[in-house]
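Numbering (this note's numbering), first residue to last: 6 to 336.
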């Protein structure tokens with residue numbers, strides 16, 4: 006068993022987190038992740054209203070007695086949701102761990118901390134990680150350029166970003182972007198993280214509440230099947246490559262503004278992808294880790310396999326590379 010400061014902080018068995026994903030982070034997936042010994046996160050803004058979030062948290066509690074949390078993402082939108090009301094719903098539901106992400110979460114961190122809620126803040130740069138640490142976050146999730154969703158504008162891959170952050174961040178940190186198996190977990194630990202966050206990999210599990218055809222598309226895709234949209238607007242988002250995302254990138258190269266692509270990238274269209282299984286219906290998030298995903302296991306099978314692989318690598322492969330003299334010196 007691998008124990009880290011992060012597993013101790015949030016009270017889970019394994020140093021694995023299921024990232025908050027729009028339209029995907031629902032009770033059935035979150036509970037399955039929790040029951041597997043990892044940390045599952047309900048995505049607050051997937052729920053249409055704060056009242057619906059309250060019901061979803063209750064539904065999750067009916068499915069698991071293990072710890073789970075809620076993701077609250079604060080991003081620029083045409084019509085901002087009632088963040089304060091969602092926050093209050095989380096507090097009143099007795100949630101003990103919240104993942105915040107996006108712009109300037111100080112107001113939310115301050116309010117959550119008043120109620121003894123642990124804060125895991127997701128960010129894409131060392132400077133933002135240090136800022137979140139100063140704000141009072143209890144842990145950091147650091148997103149490398151490989152990740153699905155918003156990788157930031159620095160284009161720093163995990164191999165550099167994780168150790169750079171580990172050199173400066175004092176609170177526990179988990180690594181995000183490009184993780185999907187035991188090799189990734191061991192690499193993250195070696196680079197200074199204390200666990201991993203996985204989004205795309207958990208999308209492709211049996212309990213994931215998306216269409217089977219989308220899961221099969223992820224399995225069929227390789228690491229090249231993503232696009233970076235909104236680059237010209239400095240709001241980069243990594244999404245699955247399809248007819249829509251390719252068109253958006255082409256339009257941006259010709260000078261298109263957000264108003265020109267608004268209908269193509271509407272969230273309602275992306276939601277329909279997961280409901281209908283038509284991968285070209287709209288924009289949907291997926292990371293480069295698609296190239297490492299080859300099956301659709303249960304969450305329990307996936308988490309167990311990752312931990313088994315990681316422990317085998319640490320105990321057998323890595324230790325086996327050390328000579329007897331080197332081992333004695335290390336000891």
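Even glycine gets a Cβ: it sits at the ideal position worked out from N, Cα and C. All values reported here derive from a predicted model rather than from experimental measurement.
| Query | Result |
| --- | --- |
| Helix, strand or coil at residue 40 [DSSP, three-state] | helix |
| The segment 283-294 in contact with the segment 163-179 per 3-pair CB rule at 8 angstroms | no |
| Three or more C-beta pairs below 8 angstroms linking the segment 98-112 and the segment 72-84 | yes |
| Of the residues 152, 213, 227 and 217, the one placed nearest residue 201, counting alpha carbons only | 152 |
| Spatially closest choice to residue 75 from 68, 59 and 203, by CA coordinates | 59 |
| Nonlocal neighbours in the same chain, by C-beta distance under 6 angstroms from residue 168, ignoring five residues either side | 196 and 197 |
| C-beta atoms of residue 23 and residue 15 nearer than 8 angstroms | no |
| Whole-number beta carbon distance between residue 119 and residue 361, since they are thought to touch under 8 angstroms | Because the chain in this structure spans residues 6 to 336, residue 361 falls outside the shown range and cannot be described. |
| Alpha-carbon to alpha-carbon, residue 258 and residue 213 | 35 angstroms |
| Simplified DSSP state of residue 46, which is helix, strand or coil | strand |
| Three-way DSSP call (helix, strand, coil) for residue 330 in this model | Residue confidence for residue 330 is low, a pLDDT of 48 falling below 50, so the modelled location carries little weight and cannot support an answer. |
| Whole-angstrom C-beta distance between residue 72 and residue 44, which should lie under 8 angstroms | 7 angstroms |
| CA-to-CA distance, residue 101 to residue 121, given in whole angstroms | 7 angstroms |
| Boundaries (first-last residue) of the beta strand (DSSP E) holding residue 232 | 231-234 |
| Separation of residue 156 from residue 216, as counted between CA atoms | 25 angstroms |
| Contact check, residue 5 vs residue 41, beta carbons under 8 angstroms | Given a span of 6 to 336 for the chain in the structure shown, any question on residue 5 remains unanswerable. |
| Nearest to residue 296 (by Cα), restricted to the options 221, 308 and 264 | 221 |
| Test item: CB-CB of residue 245 and residue 230 under 8 angstroms | yes |
| Unbroken alpha helix (DSSP H) run spanning residue 104, endpoints | Run containing residue 104: none in the alpha helix (DSSP H); it sits in the beta strand (DSSP E), 102-107. |
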